[in-house]
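Just below is one structure, and these are the notes that go with it.
Residue numbers (full-length UniProt numbering): 1 to 584.
Here it is in structure tokens:
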């Protein structure tokens with residue numbers, strides 16, 4: 001299994017350069033503030049002066065983000081390591097200070113009148129920052145005073161950020177004891193979740209019972225942590241004059257509330273598709289399914305993939321799509337920028353880290369040798385390719401909003417599906433189609449269900465000032481019932497599943513972006529199927545654009561209108577036509 005080579009950043013966690021770089025970043029941001037504090041609000045501010053400010057600011061952010069990324073990756077490699085814990089705490093402290101010292105620029109620049117801001121936005125010298133200024137103007141009603149912004153930045157790590165870390169530390173420390181093949185084994189979170197795809201019905205159900213039992217045992221911690229995060233997030237949204245808490249995320253994602261509401265409603269209306277599928281699967285398996293069985297394989301013979309096999313499948317898929325894309329994907333393996341090994345203390349799940357536009361993202365995986373893990377590898381490499389191509393942008397236009405951040409990753413999964421299908425027998429093909437349908441349901445309907453849970457739980461906590469473990473479990477149960485109906489049995493332990501979803505703790509209202517992107521990719525992939533190789537340059541240009549324009553405008557350039565309800569419904573038609581209808 002590959003592991004990261006973090007010497008790309010520093011020689012070791014004890015390298016004195018780490019603290020020196022943090023200190024240098026902090027010293028420079030303070031100097032920048034002194035230099036530009038009065039200048040940014042001065043009516044005589046020139047485009048050249050503002051451009052210089054952005055360029056100097058970017059240099060500081062790149063230096064700081066580079067060091068912070070190292071500390072973050074080191075910590076996620078082993079959250080139980082004391083050196084990594086301390087270094088990550090230092091990193092977060094400096095991050096808070098940088099945020100606090102740089103919080104002056106938005107309120108200060110917004111002191112300029114509207115005419116001046118528009119003049120700067122349209123100036124040719126500032127063409128690389130047009131969208132930065134445009135976004136600033138749009139957020140004007142939600143930017144607080146300089147002092148208020150400074151307080152929010154300073155308090156983050158001791159409020160919401162502190163609870164986020166508590167959640168991560170606690171869940172990363174979990175291990176689960178299960179009897180497998182007559183032997184008691186101690187498993188990590190990813191290993192237990194992987195058992196849901198095993199043919200052994202008893203093992204699947206026992207695994208998930210033990211998994212959620214752990215969360216129930218720590219219910220007081222999860223209840224308090226979630227309530228505190230929600231209250232903090234919603235208080236900030238209220239202070240910033242947002243109509244609702246999700247609106248604050250929507251502004252960051254550069255998507256209107258109405259479009260998000262449409263996507264959630266259209267997806268909810270399509271849930272009979274999920275129930276129809278699982279009734280079919282229950283008959284196929286010849287069992288009365290529970291939620292622990294929804295990822296069960298259709299046959300008792302379950303193929304496993306070595307990491308080398310997964311690597312070959314994924315790289316071949318990317319190379320066949322485009323040579324440059326293939327080379328970018330391969331560079332992650334050559335340069336040791338993937339950590340796929342399962343270790344006690346390592347953060348669970350998978351993600352891609354691209355903190356600054358330096359063409360060197362890093363990928364974390366927990367590879368368990370399943371077919372789903374082959375898709376996960378393709379998914380994360382898609383993120384990495386996106387982060388590499390978007391490195392042409394400045395740091396403000398670099399990170400795509402969440403609504404676009406999942407596009408390249410899901411597109412990569414689609415390439416792998418097309419690569420694997422022709423190699424399978426009829427029986428394997430049915431199993432693989434079923435597995436991918438379940439993956440899409442997870443990405444779309446499940447994430448939509450979680451988004452609905454977030455909206456209702458935030459409302460409940462606002463109305464009652466808090467929500468108990470039991471009340472949150474009841475809310476989640478209702479959402480499970482809406483999604484699955486009577487197609488599966490919902491065991492009581494699944495009411496606690498909400499507590500095992502890291503996104504709702506770390507990044508409130510993130511999850512709808514998965515569904516948004518999945519539906520978007522289905523449209524893009526259909527376009528690729530029709531246009532063939534002529535589609536590739538347009539797709540690469542979309543990724544290279546990063547966040548230099550809003551999703552709506554970037555997608556309009558390739559013929560997609562995300563404000564149209566019919567557009568979103570076409571994604572479900574694609575799943576029905578290309579996947580569900582091809583099951584026996």
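Note that beta-carbon positions come from the ideal geometry of N, C-alpha and C, so glycine has one too.
In this structure, residue 382 lies near residue 409, with their beta-carbon atoms less than 8 Å apart. One alpha carbon belongs to residue 182, the other to residue 549, and they sit about 57 Å apart. As DSSP reads the structure, residue 351 sits in a beta bridge with 364.
Per DSSP, the unbroken alpha helix (DSSP H) holding residue 229 starts and ends at 219 to 239. Segment contact: the region 43 to 50 against the region 85 to 96, fewer than three CB-CB distances shorter than 8 Å; contact not assigned. Checking the DSSP bridge columns, you'll see residue 176 partnered with 187.
By the Cβ rule, the region 235 to 251 does not count as touching the region 525 to 537, because fewer than three pairs are nearer than 8 Å. Of the other Cβ atoms in all chains shown, 16 or more fall within 10 Å of the Cβ of residue 413; this residue is therefore buried. The residue among 570, 580, 498 and 551 with its C-alpha nearest the C-alpha of residue 212 is 498. Relative to residue 261, the option among 449, 543, 579 and 463 whose CA is nearest is 449.
Under the three-state reduction of DSSP output, residue 339 falls in the strand class. Note that the region 340 to 350 does not touch the region 384 to 401; fewer than 3 beta-carbon pairs, one per stretch, sit closer than 8 Å.
Linking residue 470 to residue 504 through their CA atoms gives a straight-line distance of about 18 Å. Bounds of the alpha helix (DSSP H) holding residue 272 are 272 to 285. The DSSP-derived three-state label of residue 507 is coil. By the beta-carbon neighbour count (other beta carbons within 10 angstroms, threshold 16), residue 191 is buried.
Boundaries cannot be given for residue 501, as no alpha helix (DSSP H) includes it and DSSP labels it neither H nor E. If the five residues before and after residue 376 are omitted, its C-beta is found closer than 6 Å to the C-beta atoms of 350, all from its own chain and listed in chain order. Excluding residues up to 5 positions away in sequence, 133 and 137 lie with their Cβ nearer than 7 Å to the Cβ of residue 117 in the same chain. Just measuring C-alpha positions, the residue of 370, 336, 343 and 356 sitting nearest residue 363 is 336. The beta carbon of residue 259 sits closer than 7 Å to the beta carbons of 562 and 563 from its chain, once the five residues preceding and following it are set aside; these are given in chain order. Distance from the CA of residue 157 to the CA of residue 167, rounded to the nearest whole angstrom, comes to 13 Å.
Going by C-alpha positions, residue 468 is about 34 Å away from residue 184. Look at the beta carbons and you see the region 308 to 324 not touching the region 510 to 517: under three pairs across the two are nearer than 8 Å. Judged by DSSP in its simplified three-state form, residue 290 adopts strand. Partner residues in a beta bridge of residue 395, as assigned by DSSP, do not exist. Here residue 580 carries a helix assignment [DSSP, helix/strand/coil]. With respect to the 8 Å criterion, residue 74 and residue 6 are classified as neighbours on the basis of their beta carbons. Residue pairing for residue 489: DSSP places it in a beta bridge opposite 290. A straight line joining the alpha-carbon of residue 344 with that of residue 429 spans about 35 Å.
With respect to the 8 Å criterion, residue 246 and residue 501 are not classified as neighbours on the basis of their beta carbons.
The C-alpha of residue 466 is placed about 36 Å away from the C-alpha of residue 354.
In this chain, the alpha helix (DSSP H) harbouring residue 431 covers 426 to 441.
The beta carbon of residue 216 lies closer than 6 Å to those of 496 in the same chain, with the five residues before and after it left out. Between the region 391 to 402 and the region 317 to 335, the count of Cβ pairs shorter than 8 Å is below three; the stretches do not touch. Relative to residue 352, the option among 18, 359 and 380 whose CA is nearest is 380.
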